[in-house]
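These notes are about the structure you will find just below.
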Amino acid sequence: MTRPASISGFPEWSPAQRMIEQQLLDRIRTSFESYGFAPLETRAVEPLDQLLRKGETSKEVYLLRRLQADGEDGGGDAGLGLHFDLTVPFARYLLENAGRLQFPFRRYQIQKSWRGERPQEGRYREFTQADIDVVDRDELPFHYDVEIPLVVIDALGSLPIPPIRLQVNNRKLCEGFYRGLDIGDPEAALRAVDKLDKIGPAKVAELLTGTAGASQAQAKACLALAEISAPDESFAEAVHALGVKDPLLDEGLAELVRVVEAGREHAPGVLVADLRIARGLDYYTGTVYETQLTGFERYGSVCSGGRYDNLATSGTDRFPGVGISIGVTRILGLLFGAGTLSISRPVPTCVLVALPDEDSRPACDRIAATLRRRGIPTEVAPSAAKYGRQIRFAQRRGIPYVWFPDGGEVRDIRSGEQATADPQTWQPPEADRYPTIS
RNA sequence: GUGGCUGUAGCUCAGCUGGUAGAGCACUGGGUUGUGGUCCCAGGUGUCGGGGGUUCGAGUCCCCUCAGUCACCCCA
Numbered sequence: 002m003t004r005p006a007s008i009s010g011f012p013e014w015s016p017a018q019r020m021i022e023q024q025l026l027d028r029i030r031t032s033f034e035s036y037g038f039a040p041l042e043t044r045a046v047e048p049l050d051q052l053l054r055k056g057e058t059s060k061e062v063y064l065l066r067r068l069q070a071d072g073e074d075g076g077g078d079a080g081l082g083l084h085f086d087l088t089v090p091f092a093r094y095l096l097e098n099a100g101r102l103q104f105p106f107r108r109y110q111i112q113k114s115w116r117g118e119r120p121q122e123g124r125y126r127e128f129t130q131a132d133i134d135v136v137d138r139d140e141l142p143f144h145y146d147v148e149i150p151l152v153v154i155d156a157l158g159s160l161p162i163p164p165i166r167l168q169v170n171n172r173k174l175c176e177g178f179y180r181g182l183d184i185g186d187p188e189a190a191l192r193a194v195d196k197l198d199k200i201g202p203a204k205v206a207e208l209l210t211g212t213a214g215a216s217q218a219q220a221k222a223c224l225a226l227a228e229i230s231a232p233d234e235s236f237a238e239a240v241h242a243l244g245v246k247d248p249l250l251d252e253g254l255a256e257l258v259r260v261v262e263a264g265r266e267h268a269p270g271v272l273v274a275d276l277r278i279a280r281g282l283d284y285y286t287g288t289v290y291e292t293q294l295t296g297f298e299r300y301g302s303v304c305s306g307g308r309y310d311n312l313a314t315s316g317t318d319r320f321p322g323v324g325i326s327i328g329v330t331r332i333l334g335l336l337f338g339a340g341t342l343s344i345s346r347p348v349p350t351c352v353l354v355a356l357p358d359e360d361s362r363p364a365c366d367r368i369a370a371t372l373r374r375r376g377i378p379t380e381v382a383p384s385a386a387k388y389g390r391q392i393r394f395a396q397r398r399g400i401p402y403v404w405f406p407d408g409g410e411v412r413d414i415r416s417g418e419q420a421t422a423d424p425q426t427w428q429p430p431e432a433d434r435y436p437t438i439s
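For the first sequence, the tail end lands on 439 under my numbering, and the numbers increase by one without skipping.
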């Protein structure tokens with residue numbers, strides 16, 4: 002008989018929080034569509050072999066199983082699992098529908114994902130991501146790597162959240178550098194360098210010599226590279242100054258310069274080249290993005306992605322892409338936790354129509370209907386209580402206006418101002434029509 | 001998934017080395033019998049996260065479990 006309790010990692014926001022989330026999602030969607038990304042939703046579930054095609058994430062995947070499945074089929078449903086991001090399902094969708102799509106194909110996708118990891122602040126087992134990707138057939142022009150971060154800078158910039166810092170790096174640059182240095186295990190080096198923020202340069206150097214087969218001098222060079230960070234193209238000179246020569250390094254360098262140049266022009270101070278950014282080792286092949294929320298740096302990236310040249314391939318078909326994903330639930334969780342996101346009222350209602358007595362309900366319903374038709378969220382009082390109670394009902398919910406049908410008057414209960422009004426023509430100030438977030 | 005810390009009213013929190021439920025705000029009713037907020041009075045404010053154990057007796061000690069949080073891992 003114990004009361005039902007919450008489930009770890011599966012957040013359920015309050016109505017006020019949900020209204021905030023919906024408004025953020027609306028604005029993100031509007032931003033995405035303003036760049037011409039088309040909406041897509043894929044099923045929640047993918048075959049396990051699709052999910053595990055890249056990366057060693059098997060432990061986090063939630064499996065789908067029927068309650069009544071008998072032991073013979075292993076209790077499984079053909080090995081289905083809930084998707085843990087939106088990129089892998091998108092790659093599957095591409096291969097399945099390539100013949101019906103126009104390329105380059107740009108889509109956005111705003112959906113839940115699931116990961117069976119241990120939850121903590123800003124990390125959940127069920128969470129919403131807002132994803133954009135551009136994919137082409139055979140070759141994807143690099144200018145999309147330049148465009149993608151500008152889209153999310155726009156999207157996140159339209160939200161009432163702290164400023165962001167979008168860090169960009171390029172895998173080719175790092176791998177070329179390591180190759181030019183002749184380091185034994187470039188992947189291990191990448192992994193070690195990625196921990197720089199967390200464990201500091203001394204520990205990273207240990208890792209580099211220990212696991213990546215680097216000499217002391219090589220480790221020092223890797224650290225020097227990782228510590229380069231700049232909001233403009235000056236980072237390229239800093240890399241050149243390290244004196245390493247490699248064709249792949251030059252290619253990555255040139256690409257990163259293009260991204261940073263565009264960032265400096267369109268979003269000054271937001272986008273920076275940060276050569277320590279590595280991302281998960283799985284499918285990224287070039288540009289990589291990560292995003293810090295000012296004041297919440299320690300909770301990790303709230304928006305990341307990159308270029309993947311080999312994620313969607315089938316036989317001779319190849320669909321290179323570049324994309325990025327906004328961690329909506331993470332952003333909300335952090336800001337709710339800090340108490341810095343609020344909404345002007347916890348219900349949509351703008352007007353409460355007071356009810357003089359039950360017999361008047363049809364007349365009150367007509368007033369409410371008229372207001373609603375004109376786009377003003379309206380509800381009628383639940384019962385014909387004393388007017389004082391009805392006003393209090395509105396006040397407790399933050400409803401700004403009470404409509405008195407007998408005299409045909411509307412009262413702003415914040416100021417106490419009351420005036421005669423016609424439901425056919427009365428307008429609330431635009432700021433009062435819907436709840437506003439700040 | 002491994003380990004650490006935390007859990008008392010709707011919220012913020014007290015509660016001494018085991019001895020019988022507490023404050024502020026919020027909430028409900030009334031003072032005010034159809035125009036709220038201030039003020040006054042009266043009051044639910046409680047499975048002490050849940051279960052088990054030790055004890056004459058457990059909010060307090062022990063075990064398990066759930067949730068939150070932190071570190072590792074990984075990442076939105």
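Ideal placement from N, C-alpha and C gives every residue a C-beta, glycine not left out.
Distance, residue j Cα to residue i Cα
i	j	result
P120	Q130	16 Å
E266	I278	22 Å
L53	G80	11 Å
I325	L272	14 Å
H84	S114	6 Å
D310	K173	12 Å
M20	D155	21 Å
T31	F178	40 Å
G37	V135	11 Å
L26	I392	33 Å
Y435	P16	14 Å
R308	E252	14 Å
R259	G214	32 Å
E140	I368	60 Å
D146	L250	17 Å
V245	L333	43 Å
E234	D318	36 Å
A227	L335	28 Å
P232	I8	42 Å
Y109	L95	13 Å
A385	V46	50 Å
DSSP-derived helix/strand/coil call for residue i
i	result
D360	helix
P202	helix
P187	helix
V348	coil
G338	helix
G244	coil
L174	helix
T288	strand
L1	Residue 1 falls outside the range modelled here, since the chain spans only 2 to 439, and no answer is possible.
S216	coil
V194	helix
Q103	coil
R166	strand
Y300	helix
D283	coil
Q69	coil
D74	Note that D74 scores a pLDDT of 49, beneath 50, so its modelled location is shaky; the value from the coordinates is reported in the next line. If DSSP states are grouped into helix, strand and coil, D74 belongs with the helices.
P269	coil
Y435	coil
R93	helix
S1	The displayed coordinates of the chain run from 2 to 439. Any statement about residue 1 would go beyond what the structure contains.
Residues sharing a beta bridge with residue i, DSSP
i	result
A17	Per DSSP, none; premise fails for A17.
S315	D318
V46	L83
D275	S230
A6	The partner list for A6 (beta bridge, DSSP) is empty, contrary to what the question assumes.
P40	Y109
With 16 other Cβ atoms within 10 Å as the buried cut-off, status of residue i
i	result
D183	exposed
I133	buried
S305	buried
G338	exposed
N98	exposed
D50	exposed
G201	exposed
P48	exposed
S302	buried
R92	In the sequence on display, residue 92 carries Ala and not Arg. A92 should be labelled buried.
G76	Summary for G76: the model assigns pLDDT 49, below 50, so the residue's position carries little reliability, and this model does not support an answer.
G322	buried
R412	buried
P142	exposed
>> Please give me, in chain order, every unbroken run of the beta strand (DSSP E) with length at least 3 that falls completely inside the segment 106–147.
In response: Within the segment 106–147, the complete beta strand (DSSP E) runs of at least 3 residues are 106–115, 127–136.
> Where in the segment 374–428 do unbroken runs of the alpha helix (DSSP H), each at least 4 residues long, occur, reported from the N-terminal end onward?
Replying inline: Unbroken alpha helix (DSSP H) runs of no fewer than 4 residues, entirely contained in the segment 374–428, are found at 388–398, following chain order.
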